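Sequential numbering of the sequence shown, starting at 2, is according to the numbering used here. Right, one structure below, let's go through it.
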Amino acid sequence: MFGFFKDKFNNLKQTVSNTAQMLVGNVVNSVEQEEEFSEFVLDDMEDLLISADLGVNYASELVDKLRNQNKIKPADVKNYLKEEFRKTLQDAGSNQINYQDGKLNIYFICGVNGVGKTTLIGKLAYKFKQENKRVIVAAGDTFRAAAEEQLDIWSKRAGADIVRRDKADPASVVYEAIQKAKNENYDVILVDTAGRLQNKFNLMEELAKIKSVIDKNAPESLRETMLVLDANTGQNGLQQAKVFLEAVNLTSVALTKLDGSAKGAIILAVAKEMKLPVKLVGVGEKMEDLKAFNSEEFIEALFG
Ligand SMILES: Nc1nc2c(ncn2[C@@H]2O[C@H](COP(=O)(O)OP(=O)(O)OP(=O)(O)O)[C@@H](O)[C@H]2O)c(=O)[nH]1
Ligand SMILES: [Mg+2]
């Protein structure tokens with residue numbers, strides 16, 4: 002198994018401390034002392050969950066389950082949330098990133114502009130290079146003028162190779178990267194993509210075209226189609242990102258900028274609403290600031 006993904010997220014607890022306060026601390030404090038789940042208590046609880054950025058649907062589902070039942074008492078609220086969150090994360094699937102030695106592993110990275118796609122690719126390239134893997138980054142963002150240059154800097158830093166072609170069709174850049182990877186036995190291709198085009202339709206078309214080039218030219222490859230979300234955009238970001246689900250068949254989410262964010266509840270909202278596991282977490286702007294996400298560690302960090 003690929004080494005980095007077994008590493009423990011050492012200061013996860015500190016990273017999610019603001020989220021833990023919003024999502025667990027505030028709710029538990031306000032509910033725990035109550036005698037029963039009155040409408041007043043439930044409303045208050047729902048508001049707190051929503052303001053932690055869990056999402057309206059998920060928050061109301063959680064309080065609905067408490068209404069008209071008398072097994073769970075307010076004093077059990079912490080355990081109740083813990084078990085519900087754990088179940089939600091489990092149902093969304095494994096956090097283990099797809100990687101297999103001896104195969105071509107393709108990471109197709111999508112997301113709206115500015116969320117941190119290119120940075121994530123730089124960090125991932127670096128992790129793979131540390132494990133002595135042969136890595137190509139494919140400069141599939143040919144829309145923004147400086148994008149290829151930015152990716153070039155990251156790939157040099159990481160020691161990865163790059164396929165770029167000024168203003169070419171992104172799908173043809175990806176095609177070229179696949180041919181190179183096959184001919185020269187690379188382990189990994191990281192595909193960068195644009196976050197903004199003239200309109201959403203064009204962007205989805207472009208991504209779908211890249212997907213079909215991969216489908217056709219590397220059907221035997223192991224694929225991870227990852228949506229990048231900025232933790233700070235919370236529910237808005239999540240709504241925006243839903244269009245990607247259909248366009249490219251997402252397999253997972255990378256959550257960036259979790260450093261300092263109080264909106265880590267988005268990890269749960271993604272699991273609940275998109276049925277996708279978070280696999281990677283960005284915790285800063287440096288090359289080393291990438292962590293493998295693990296649901297059980299996250300639950301422990303929130304509730305422990
Ligand atoms: N604090 C913090 N900043 C980050 C993280 N990841 C990315 N950033 C910053 O976010 C900004 C945007 O990152 P990019 O990687 O350029 O984002 P992008 O999605 O490629 O943007 P477009 O190419 O315009 O679509 C940069 O200033 C990054 O340094 C993170 O995990 N934490
Ligand atoms: Mg970019």
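Ideal placement from N, C-alpha and C gives every residue a C-beta, glycine not left out. Here the structure is a predicted model, which is why all the values come from computation and not from measurement.
Integer Cβ distance of residue i from residue j, believed to fall under 8 angstroms
| i | j | result |
| --- | --- | --- |
| M46 | A263 | Between A263 and M46 the Cβ distance is about 18 angstroms, and since that is not below 8 angstroms, they are no contact. |
| D162 | V136 | 7 angstroms |
| N326 | I179 | No answer is possible for residue 326: the residues shown for the chain start at 2 and end at 305. |
| K118 | D193 | 6 angstroms |
| I211 | V254 | Contact doesn't hold; Cβ gap of about 18 angstroms is too wide. |
First and last residue of the uninterrupted alpha helix (DSSP H) at residue i
| i | result |
| --- | --- |
| E149 | 148-159 |
| N237 | 235-249 |
| V164 | Note, V164: premise wrong, no alpha helix (DSSP H); beta strand (DSSP E) at 162-164. |
| L269 | 267-275 |
| Q91 | 78-92 |
| N114 | N114 -> no alpha helix (DSSP H), and no H or E assigned at all. |
Of the listed residues the options, nearest to residue i (C-alpha basis)
| i | options | result |
| --- | --- | --- |
| M288 | T20, Q70, L121 | L121 |
| K124 | S31, G283, G235 | G283 |
| A93 | F304, P220, K280, N80 | K280 |
| V28 | V116, L228, N80, I98 | N80 |
| F202 | G238, F245, Q91, I215 | F245 |
| K292 | K72, Q97, G115, S18 | Q97 |
| N58 | A270, I300, L277 | A270 |
| E221 | T257, A182, L239 | A182 |
| A21 | L43, V42, K130, A53 | A53 |
| F109 | S18, R87, V138, V78 | V138 |
| Q236 | N30, G261, D260, A60 | A60 |
| D188 | E298, I300, I107, N19 | I107 |
| D77 | V32, D231, R87 | V32 |
| L105 | N250, P75, L191, Q34 | L191 |
Where the beta strand (DSSP E) through residue i begins and ends
| i | result |
| --- | --- |
| F109 | 106-111 |
| A140 | 136-141 |
| E47 | That residue, E47, is in no beta strand (DSSP E); its alpha helix (DSSP H) goes 40-52. |
| T226 | 223-231 |
| S18 | Note, S18: premise wrong, no beta strand (DSSP E); alpha helix (DSSP H) at 18-21. |
| G283 | 279-283 |
| K292 | 291-293 |
| D193 | 189-194 |
| A178 | Segment 171-184 is the alpha helix (DSSP H) holding A178; no beta strand (DSSP E) there. |
| L259 | No beta strand (DSSP E) contains L259, which DSSP labels as neither H nor E. |
Cα-Cα separation between residue i and residue j, rounded to whole angstroms
| i | j | result |
| --- | --- | --- |
| A209 | A248 | 6 angstroms |
| E286 | N233 | 15 angstroms |
| A172 | R224 | 16 angstroms |
| A146 | A169 | 12 angstroms |
| E149 | R165 | 7 angstroms |
| E177 | G265 | 38 angstroms |
| F144 | A195 | 6 angstroms |
| I215 | D290 | 29 angstroms |
| V25 | T252 | 28 angstroms |
| E37 | K83 | 19 angstroms |
| A242 | G141 | 19 angstroms |
| E206 | D102 | 31 angstroms |
| L55 | D48 | 10 angstroms |
| L228 | M275 | 11 angstroms |
| V307 | S39 | In the structure displayed, the chain extends from 2 to 305; residue 307 sits before or after that span and is not available. |
| V116 | N200 | 17 angstroms |
| L239 | L277 | 12 angstroms |
| N133 | T16 | 29 angstroms |
| N99 | S213 | 19 angstroms |
| I300 | F294 | 11 angstroms |
| C111 | D65 | 35 angstroms |
| G261 | L204 | 30 angstroms |
Sequence-distant residues of the same chain with beta carbon closer than 8 angstroms to residue i, five excluded per side
| i | result |
| --- | --- |
| R158 | G123, Y127, M288 |
| L305 | In the sequence under discussion, the amino acid at residue 305 is Gly, which differs from the Leu named in the question. Contacts found: K14. |
| E185 | R135 |
Residues near residue i in its chain [Cβ-Cβ closer than 7 angstroms; skip 5 each side]
| i | result |
| --- | --- |
| E85 | L63 |
| L67 | F38, L43, I73 |
Residues near residue i in its chain [Cβ-Cβ closer than 6 angstroms; skip 5 each side]
| i | result |
| --- | --- |
| K14 | A302 |
| L90 | A272, S296 |
| G160 | K130 |
8 angstroms Cβ cutoff, residue i in contact with chain D
| i | result |
| --- | --- |
| E185 | Going by chain labels, chain D is absent from the structure shown, which holds only one protein chain. |
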